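Listed in order, the protein sequences are those of chains A and B. So the first sequence is residues 2 to 258, counted in the working numbering. So the second sequence is residues -10 to 3, counted in the working numbering. Idealized CB from N, CA, C, for every residue including glycine. Every value quoted in this text rests on a predicted model; they were computed, and no experiment measured them. This report refers to the structure that appears directly beneath it.
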Amino acid sequence: MFELRLVQGSLLKKVLESIKDLVNDANFDCSSTGFSLQAMDSSHVALVALLLRSEGFEHYRCDRNLTMGMNLANMAKMLKCAGNDDIITIKADDGTDTVTFMFESPSQDKISDFEMKLMDIDSEHLGIPEAEYEAIIRMPSAEFARICRDLSSIGDTVVISVTKEGVRFSARGDIGAANIVCRQNATVDKPEDATIIEMQEPVTLTFALRYMNSFTKATPLAEQVTISMSSDLPVVVEYKVAGMGYIRYYLAPKIEE
Amino acid sequence: VNQQQQITSFFSKK
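Written out as C-alpha cells, the structure is:
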C-alpha cells in the first residue's frame, strides 16, 4: 500500500494550483524516494517536474513502486475541499483503481475523506540530463511574476538576456515595446529579496509569455525563483517546495527561422 | 516566422 501524510496540507494545494493549468492528466510516481511527477503540456513545448521527498512528509509508506494516473483538475477540485490548516493524507491500496484524500482539521474535530478514480495514462517519460547552465538568475518570485504579467500586456513573447549588466526582460507588440532590467542586488536585509546573477557566458533566449505566466502560478510556494539558461537548451524555472523538494518547469525556446 | 521547439527534441526518451 501507499500512504503519505502532510501536516502542512496547504503545500499540496499550492502544488496542484501550480500545475493544473499546464497539464490535464498526469502520472504520479510513488517510490521510496518520494512522490513525484513528470508531465508535458499538451503541445509538448513545456515540461513540469515535481519532487516531494519522502523525508519531507510526517508519515510516508510505499511498499512498492506505484504509478497513479490522475486528472489534475479533478484532483485540484478535491484538494480545494481541504482547509488551509488541514492535515492531508493520501492513500492507495494495491490493486485498486482509486485514491483516497483524507483531510483532518488541526483540532481533529472534522475528518473528511474523498475518493477519486484513477486513470490509465499513456505518458512519455523523458530523460532530463544534468546540464551546465551559462547563466543562473535567482530573484524574488513575486518580482518575476510581476515582470511576466506586465510584459504580457505588451507582447506575446519575452526576450531574456543576461549580460554582465544584469538580466533584461524585453517584449514588443503592436502598441510598443518594454524593457525591464534587473541588476544583481545581494545587499538586502532579507535574503529572499536578493537578486543574484551567476553568468559564465552572456545568453539571450526568447520564450512564449503564456507559458511563463503559467509557471508563475507556483509563486505562493517559494519566495525565490531560479531561472537557469543556456543557448539552445530549454530554460529551467525552479521553485523550491519548503525544504522537501521542488517544482521545475522546462520551456523550449522560440527559434528564429 | 517564430517556431516553438518541442521539448521532446531536447530530452532523451526513456
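Contact of A/A209 with chain B is assigned, a C-beta pair being separated by under 8 Å. According to the DSSP assignment, A/K218 belongs to no alpha helix (DSSP H), since it is labelled neither H nor E. Residue contact with chain B for A/L51: absent (no Cβ-Cβ distance below 8 Å to any residue of chain B). In the DSSP assignment, A/H60 is bridged to A/R6.
For A/G10, the CB contacts under 6 Å within the same chain, skipping 5 residues up- and downstream, are A83, D87, I88 and I89 in chain order. Taking A/L48 as reference, the option from A/P235, A/G246, A/G244 and A/Y240 with the minimal CA-CA separation is A/P235.
The criterion of a C-beta distance shorter than 8 Å is satisfied by A/P141 and A/E224. Judged by beta-carbon spacing, A/G70 lies beyond the 8 Å limit of A/L52, meaning their Cβ atoms are not closer than that value. Interface residue (Cβ-Cβ distance to chain B less than 8 Å): A/K255 is classified as such. Here DSSP, grouped into helix, strand and coil, assigns A/T188 to coil. Distance from the CA atom of A/T164 to the CA atom of A/I138, rounded to whole angstroms, is 11 Å. Under the DSSP assignment, A/D26 falls in the beta strand (DSSP E) whose first and last residues are D26 to C31. Residue burial annotation: A/T227 is buried, with at least 16 other C-beta atoms found within 10 angstroms of its C-beta.
The C-beta separation of A/L80 from A/L13 comes to about 6 Å, placing the pair in contact by the 8 Å criterion. At a cut-off of 3 residues, the continuous stretches assigned as beta strand (DSSP E) that sit fully inside the segment 141 to 175 of chain A are 158 to 164 and 167 to 174. For A/V46, the nearest CB of chain B lies under 8 Å from its own CB, placing it at the interface with that chain. Counting along the chain, no beta strand (DSSP E) covers A/L13; the unbroken alpha helix (DSSP H) around it starts and ends at S11 to I20. Straight-line spacing of the CA atoms in A/N186 and A/R150 works out to 22 Å. Setting aside the 5 residues that flank it on each side, A/V24 is surrounded in the same chain by A40, D42, V49 and L73, each with a C-beta closer than 7 Å to its C-beta; the list follows chain order.
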